[in-house]
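Visitor: Numbering (our numbering), first residue to last: 91 to 247. The C-beta atom is built at its ideal place from N, Cα and C for all residues, glycine as well. Input: one structure, supplied below.
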């Protein structure tokens, strides 16, 4: 998935496993759900939280920018953004720990024909045992600097 509206490209590789927006079930009844107009932005955010090439603050700001570009209403944008700012620390730390332990969030094509009983946890262990590892990105991606603000850069609007 490429997100190009800010004159930068964030490519979420095919096979990356995400959970859309991790919105607690209690908020679904007020119009916030894991699937909405912000879904693309949430996938990008999941990827940024996994790779951690940007700071957590930049990743959260890039979520806000992506939601603005997708035309998400201000109320929903601020609710989702506020949720990750307040509640994202645990996911950030867990992702770092999982990456350090050699777990992956990428499923190669040959492993995508899953059995209905296969859990994500079991598949990750199987991928690790098969030597499926990720190569960490080197350096800070250029798009991270856009996350120094929560506003879409005016030159790109």
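What does DSSP give as the partner residue(s) for residue 106 in the beta ladder?
Guide: The count along the chain shown starts at 1 and reaches residue 106 at position 16. Residue 106 is bridged to 196.
Visitor: Confirm, please, whether the CB-CB distance from residue 108 to residue 195 is below 9 angstroms.
Guide: Indexing the chain shown from 1 puts residue 195 at position 105. Indexing the chain shown from 1 puts residue 108 at position 18. Closer than 9 angstroms, so yes.
Visitor: Given residue 151, which residues of its chain have a CB within under 6 angstroms of its CB, disregarding the five upstream and five downstream residues?
Guide: Along the chain shown, one-based indexing puts residue 151 at 61. Correct list, in chain order: 237 and 240.
Visitor: DSSP state of residue 113, grouped into three classes?
Guide: Residue mapping note: residue 113 aligns to position 23 of the chain shown, counting from 1. Looking at residue 113 - three-state DSSP - the assignment turns out to be coil, as it is neither helix nor strand.
Visitor: Helix, strand or coil: how does DSSP classify residue 222 here?
Guide: Reading the chain shown from its first residue, position 132 is the one you call residue 222. If DSSP states are grouped into helix, strand and coil, residue 222 belongs with coil.
Visitor: Mind the definition here: the segment 226-235 touches the segment 140-154 only if three or more C-beta pairs lie below 8 angstroms; say whether that holds.
Guide: Enough Cβ pairs lie closer than 8 angstroms, so yes.
Visitor: Among 135, 106 and 149, which one has its Cα closest to the Cα of residue 235?
Guide: The residue labelled residue 235 in the question sits at position 145 within the chain shown. Closest by alpha carbon: 149.
Visitor: Is there contact between the segment 207-220 and the segment 161-172, where contact requires at least three CB pairs shorter than 8 angstroms?
Guide: They do not touch, by the three-pair rule.
Visitor: Locate the alpha helix (DSSP H) running through residue 141, then write down its first and last residues.
Guide: Within the chain shown, numbered from 1, the residue matching residue 141 stands at position 51. Residue 141 -> alpha helix (DSSP H) spans 129-141.
Visitor: Could you work out which residue in 138, 193 and 188 is closest to residue 221 when comparing CA atoms only?
Guide: If you number the chain shown from 1, residue 221 lands on position 131. Closest option to residue 221, Cα to Cα, is 193.
Visitor: Could you round the C-beta distance between residue 153 and residue 176 to whole angstroms and report it? I think they count as a contact, below 8 angstroms.
Guide: Numbered from its first residue, the chain shown carries residue 153 at position 63. Numbered from its first residue, the chain shown carries residue 176 at position 86. That pair is no contact at about 13 angstroms.
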